[in-house]
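Residue -16 is where the sequence shown starts when you use the numbering used here, and the numbers rise one by one after that. Glycine is no exception: its CB is placed at the ideal position from the N, C-alpha and C atoms. Below is one structure, written out as structure tokens, with a few remarks after it.
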Amino acid sequence: MRQPLVAGNWKMNGSRDSIKALMSGINAGLSSSDRAQVVVCPPFVYLDAVAGMIKGTKIAIGAQNVSHESAGAFTGEISVSMLQDFGARYVIVGHSERRALYGESDATVAHKFTATLLGGMVPILCVGELLEERESGKTEEVVARQLDAIVTHASIKGFEAAVVAYEPVWAIGTGKTATPEQAQEVHAFIRQRLAKHSSTIAEKVQILYGGSVNAGNAEQIFSMADVDGGLVGGASLKAADFLAICRAAN
Ligand code: PGA
-16 MRQPLVAGNW KMNGSRDSIK ALMSGINAGL SSSDRAQVVV CPPFVYLDAV AGMIKGTKIA
44 IGAQNVSHES AGAFTGEISV SMLQDFGARY VIVGHSERRA LYGESDATVA HKFTATLLGG
104 MVPILCVGEL LEERESGKTE EVVARQLDAI VTHASIKGFE AAVVAYEPVW AIGTGKTATP
164 EQAQEVHAFI RQRLAKHSST IAEKVQILYG GSVNAGNAEQ IFSMADVDGG LVGGASLKAA
224 DFLAICRAAN
């Protein structure tokens, strides 16, 4: 039985004040008997503040990005050990915004994935197709390529301690969600693809859906057999909405 997981990707949003309010709302609404693992991914500069706010709760912290280098002359970058130093347990790697806006290739993403694992943290690997790729029937081809790049670099064993997030790019921040059936189809495909290397690992890996998940659609999407929770952007910035999504995952 896979544990459900809901991760809030705050992206480049928030301030000291808004984050304090958001976290106190989330803390007040979660219960220690909830089944789902809840993760919040603040911008780097707020990691420390959020770490202080989750003490004594079951919430874990994730980062939105990481360098694959361990230290040195890499201006503006943040290493795995720095994230650990601030109590992060998860790292989002290969988010479509990083791939599209910052030129991260499958190879770069693979290096970040491996660096995260080697540092003892859990990568949340994002995969997903563009609208034109879906419309031309290339969804599986794209997702397979993105997964295979990681398997080649980190081996299937890398997925023993990783989470996968299927995020169709056309659904991110657009209010257009994949239907539960569309999500399930790709999630099952991801599991099958990994099962070619290890059926045990494929069966265990948590696969999250991301792309306009909200309080109204989470329950239906999470009810699908291969959907183990969500990676949530916009709706993770409002405590009530995020809590409703966490409840849907329980
Ligand atoms: P969204 O973002 O929920 O705002 O669509 C999801 C994501 O980018 O992880």
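Proximity test, residue i beta-carbon vs the ligand PGA heavy atom, cut-off 7 angstroms
{"i": "ASN(-8)", "result": "yes"}
{"i": "ALA46", "result": "no"}
{"i": "LEU214", "result": "yes"}
{"i": "VAL76", "result": "no"}
{"i": "ILE155", "result": "yes"}
{"i": "GLU150", "result": "yes"}
{"i": "ALA218", "result": "yes"}
{"i": "GLY194", "result": "yes"}
Three-state class that DSSP yields for residue i in the structure shown
{"i": "PHE175", "result": "With the sequence shown as reference, residue 175 is identified as Gln, and Phe is not the correct amino acid for it. Helix at GLN175."}
{"i": "GLY216", "result": "coil"}
{"i": "ASN236", "result": "Because the chain is modelled from -16 through 233, residue 236 falls outside the range shown and cannot be assessed."}
{"i": "GLN20", "result": "strand"}
{"i": "GLY199", "result": "coil"}
{"i": "THR111", "result": "In the sequence on display, residue 111 carries Gly and not Thr. Note: GLY111 maps to coil in three-state DSSP."}
{"i": "ALA144", "result": "helix"}
{"i": "ILE75", "result": "strand"}
{"i": "ILE204", "result": "helix"}
{"i": "VAL210", "result": "coil"}
{"i": "PHE96", "result": "helix"}
{"i": "HIS170", "result": "helix"}
{"i": "PHE225", "result": "helix"}
{"i": "GLN(-14)", "result": "coil"}
{"i": "THR160", "result": "coil"}
{"i": "LYS38", "result": "coil"}
{"i": "TYR85", "result": "coil"}
{"i": "GLU116", "result": "helix"}
{"i": "ILE133", "result": "helix"}
CB-CB length for residue i against residue j, believed under 8 angstroms
{"i": "GLU112", "j": "VAL125", "result": "4 angstroms"}
{"i": "ASN10", "j": "MET(-16)", "result": "That belief does not hold up - the Cβ atoms of ASN10 and MET(-16) are roughly 26 angstroms apart, past 8 angstroms."}
{"i": "TYR73", "j": "ALA(-10)", "result": "7 angstroms"}
{"i": "SER236", "j": "GLU150", "result": "Absent from the model: residue 236. The displayed extent of the chain is -16 to 233, so no value can be given."}
{"i": "ILE228", "j": "VAL188", "result": "ILE228 to VAL188, Cβ: 21 angstroms. No contact."}
Below-8 angstroms beta-carbon distance, residue i vs any chain C residue
{"i": "GLY45", "result": "No chain C appears in the structure shown, which is made up of a single protein chain."}
Per DSSP, cross-strand counterpart(s) of residue i
{"i": "PRO151", "result": "In the DSSP output, where bridge partners are listed per residue, PRO151 has none listed."}
{"i": "GLY(-9)", "result": "VAL23 and VAL215"}
{"i": "LEU191", "result": "ALA148"}
{"i": "PRO106", "result": "VAL74"}
{"i": "ALA43", "result": "VAL22"}
Near the ligand SAH: residue i beta-carbon under 7 angstroms from a heavy atom
{"i": "LYS41", "result": "Among the ligands present in this structure, namely the ligand PGA, the ligand SAH is not found."}
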